Amino acid sequence: MAPLLPLHFTAYVALLQLSAFVPLCASDGLGLHSPPYDFLYYSGVRAYFDGEWSKAAELLEKSLQGKDALFKVRRRCRDECAAAGEDAFHKLDSEERGLWDLFALDWVQQKAECLRFCLGKSVSSAALLPVSSDIEYEFASRNPYNFLQVTYYKLEKLQKAASAAQTYFVANPSHLEMRNNMEKYRRMEGVTQGDFTDREVENERHWVLYESALHLEASADWAGAVDQWRACVNRTLLQTEECRVQCETASQLLPEDRGEQSGHGAFEKAAALFLSLLSCQQSCVTQVATRPGRVSAQEDFLPTQLEHLHIAQFKAEDVPGAVKTLRSLLLFYPADKDNLDNLQLYSETLGGDKESSDTQPAQEIERYIRRSLEEKKLLYFGVENLDFTFTDPDLWTPEDVVPESLRESWRAEKEQMNERMNKGEQPEEVDDSGFFAGGAVPQVGVTITMDDVMLNGTNRVVLDGVMTPKECDTILQLASAAGSLGDGYRGRRSPHTPHETFEGLTVLTAAKLGQEGLVNESDSKLLHELGERARTLLHSYFRSPSALFVSFTHLVCRSAVAGDQEGRMDLSHPVHVDNCILEPETKLCWREPPAFTHRDLSAILYLNDGFDGGELFFTDRGAKTVKARVSPSCGRLVGFSSGPVNPHGVTAVTRGRRCALALWFTKEKLYRDMEREEAEALWSGKSAEEVEKEEPEGGAVPGRSGRSQTPAGRSGRGSGRSQGRKDEL
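346 is the number of the first residue of the sequence shown in this note's numbering; add one for each residue after it.
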């Protein structure tokens, strides 16, 4: 990577942007290639509100493809033009100052011409114009998929509708209408769970790797965790670079177009334009560290991955690799005492300082740090001298990079970032769920076996006598007769460990089998009734001031795989929290998808004992210290609030078969278990067609955001509850 030049040279670098894009801006906007993706998007939205479904689908898909193609062209052209003007560039260090300026301008012009010619070959001049902030918002919030899911439903392309719905919902998890629509899709013939794919997942691959690495850590699969963390680091660097390329090659508005004061000369304006480019590239840190559906970024995203990686390497006995990663991490925080102590520990493990001291940080991390620091120096110079505004996205920025006159305000800003980072960490004894353990138990024969004190936690209880031995036998027989292999979510036979297999059964499946005479209908009704029984008991004991609804019911049997148990160190279910994503290293729990954030209360109703292992245990937020254990037995009900005060897991089932009824409850009626209602409808005599015709709340039309460009007066079409037409979702 070529070194960054002093600030007085930035004017020439900025001219690259001016000479590349000003001629294009002066054109008539007509090109020889496809229309711009923003034009295609608006045209697709108009077709949507005109009810031209085939046209809308075609235009919306082309808008998505056009945006992706434009980004790829920008990347290719940037790579092709990387070497342009090298002859002039290499003369800069050897020439006198007067000629230095000319060679600098020559270098910039050659790169500009290369870039303009390359882009012009593949993209229309109109497509190179800047898009509005409204369009950027629409695509960033995945609103094209909001329109597409309804469009494909109208065209009876249900698999594509499900995929579009899933893609939109990932980035908009609070969109309740979409959640309801997805539930309807799941019950439609021809739609499978595999159809609910996120079409944008490739752009978020680093988050997929991040979650996979955390899962492997929780399972103590350190070798696998090393591979996933290393891949996550590399993918994060790649995504950051892709973002930076778009900043570099996209059209930029000139300073005067952004309301800059007049009277500034060409050099000042060019410098301001270049500083804007650097600021955009620095902001890529925040963009890459922001999960879909979240507003704020995960602070210290890349250093956090390196922290996980070096720990995994050490536990996988790859000490040289751990040293290399730790030296990379120390580039961010060179004075961190814990990391320096770890480095000393690794050195002693290697048998001396020689091998440890010879180990160098990863080159890609060194380049990342060096480039970022040079950019920050230029940006802070602009803040101090050119009235430029810059928000540093990093917590690790050294103080000496910031000019003395700015350090006081910089320290205050950094303090606020640290507060935001620690905001999610609450004392473990605090539970804001709204539950208060200690209420009455309204069922004869049910006793409180363990409470908060005995379970060493908050809002936890163990109740015995909830089922009779006969009822346990009945449900066990039902599980044997009707349970299907898999976890009940994605059909994985061994979702948490390869040493155990799963069998699952839901209330609706049991009800349908009962209607078909394949199982006793009274048995399927008992399965349903047990959920209501548990709800009544826990609603009373935890003294919930609001209503409590069953959110999901799942009969699950775990069976040890014969001959595959020797030396097992994993868990039947790793430590987790039911309504947020637990990060044991930071003790933070993120309430965001894929966690089931609507779950408020969790319960397990055990059906048997007579197997080895399978204990429920509670831990601290670090997932290391076990606070309490519960052994399964027939009719034993464990209830606890679903939030971060109750991390829990299940020990390995090493012999036999462990069956239990897993239950989750919610305070929000919207998230009640719709399958239970369908089962109730079957028993009440309603036909399947009548159930399918029931409309979800709010209808299927995408809600307009404050930035929507939908033509005025058109937003009402199709909105609200449908009037019972068969083609409405």
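Ideal Cβ placement from N, Cα and C applies to all residues, glycine included.
Keep in mind that this is a model prediction, so the values were computed, not measured.
Asked	Found
Beta-carbon spacing of residue 1005, residue 951 below 8 Å	yes
Cβ-heavy atom distance, residue 685 to the ligand MN, below 7 Å	For the structure depicted, the ligand MN is absent and the ligand set is empty, with no information on it obtainable.
Separation of residue 958 from residue 905, as counted between CA atoms	10 Å
Residue 377 classed as buried or exposed, judged by whether at least 16 other C-beta atoms fall within 10 angstroms	With a pLDDT of 42 at residue 377, under the threshold of 50, the predicted position of this residue should be treated as unreliable, though the coordinate-derived value follows. So residue 377 counts as exposed.
Beta-carbon proximity list for residue 922, same chain, < 6 Å, skipping 5 on both sides	934, 989 and 992
For residue 984, the residue or residues it bridges with in DSSP	806 and 948
For residue 784, three-class secondary structure by DSSP	coil
Assumed close pair residue 790, residue 972 - CB separation to whole angstroms, cut-off 8 Å	Contact doesn't hold; Cβ gap of about 29 Å is too wide.
Residue environment, residue 823, which counts as buried when at least 16 other CB atoms sit within 10 Å	buried
Inside the stretch 476-549 only - alpha helix (DSSP H) runs reaching at least 4 residues	478-485, 488-499, 503-516 and 521-531
Residue 823, enclosing alpha helix (DSSP H) - first and last residue	814-827
Element boundaries [alpha helix (DSSP H), containing residue 721]	708-730
Residue 596 versus residue 720: straight-line alpha-carbon distance, rounded	20 Å
Alpha helix (DSSP H) segment containing residue 303, residue limits	No answer is possible for residue 303: the residues shown for the chain start at 346 and end at 1074.
The alpha helix (DSSP H) enclosing residue 629, as first and last residue numbers	629-633
contact_flag[the stretch 403-422, the stretch 463-473] where n(CB pairs < 8 Å) is 3 or more	yes
Nearest-angstrom Cβ-Cβ length linking residue 654 and residue 575, presumed shorter than 8 Å	6 Å
Closer than 8 Å to chain C by CB, residue 464	Included in the structure is just one protein chain, with no chain C present.
Residue interval of the alpha helix (DSSP H) (run including residue 852)	852-860
Cβ-based neighbour list, residue 510, same chain, cut-off 7 Å, excluding 5 preceding and 5 following	494, 523, 526, 527 and 530
Residues that residue 897 bridges to, as DSSP identifies them	1009
Which of helix, strand or coil DSSP assigns to residue 772	Any reading at residue 772 must be qualified, since the residue scores a pLDDT of 45, below 50, and its modelled position is unreliable; the value itself is stated next. Three-state result, residue 772: coil.
According to DSSP, residues forming a beta bridge with residue 795	807
6 Å CB neighbourhood of residue 1017 in its chain, flanking five on each side removed	894
7 Å CB neighbourhood of residue 476 in its chain, flanking five on each side removed	383
Pick from 926, 870 and 619 that is closest to residue 1027, judged by C-alpha positions	870
Own chain residues within Cβ distance below 7 Å of residue 639, not counting five before or after	937
Opening and closing residue of the alpha helix (DSSP H) in which residue 919 lies	Note, residue 919: premise wrong, no alpha helix (DSSP H); beta strand (DSSP E) at 918-921.
Whole-number beta carbon distance between residue 735 and residue 746, since they are thought to touch under 8 Å	Contact doesn't hold; Cβ gap of about 12 Å is too wide.
Exposure of residue 537, with buried meaning 16 or more beta-carbon neighbours within 10 Å	exposed
As assigned by DSSP and simplified to three states, the class of residue 904	strand
Any 3 or more C-beta pairs closer than 8 Å across the stretch 877-888 and the stretch 975-988	yes
Given residue 420 as reference, the closest of 391, 516, 588 and 454 once Cα atoms are compared	588
Proximity below 8 Å, CB of residue 626 to CB of residue 592	yes
Exposure of residue 863, with buried meaning 16 or more beta-carbon neighbours within 10 Å	exposed
Coil, strand or helix - residue 740 by DSSP	coil
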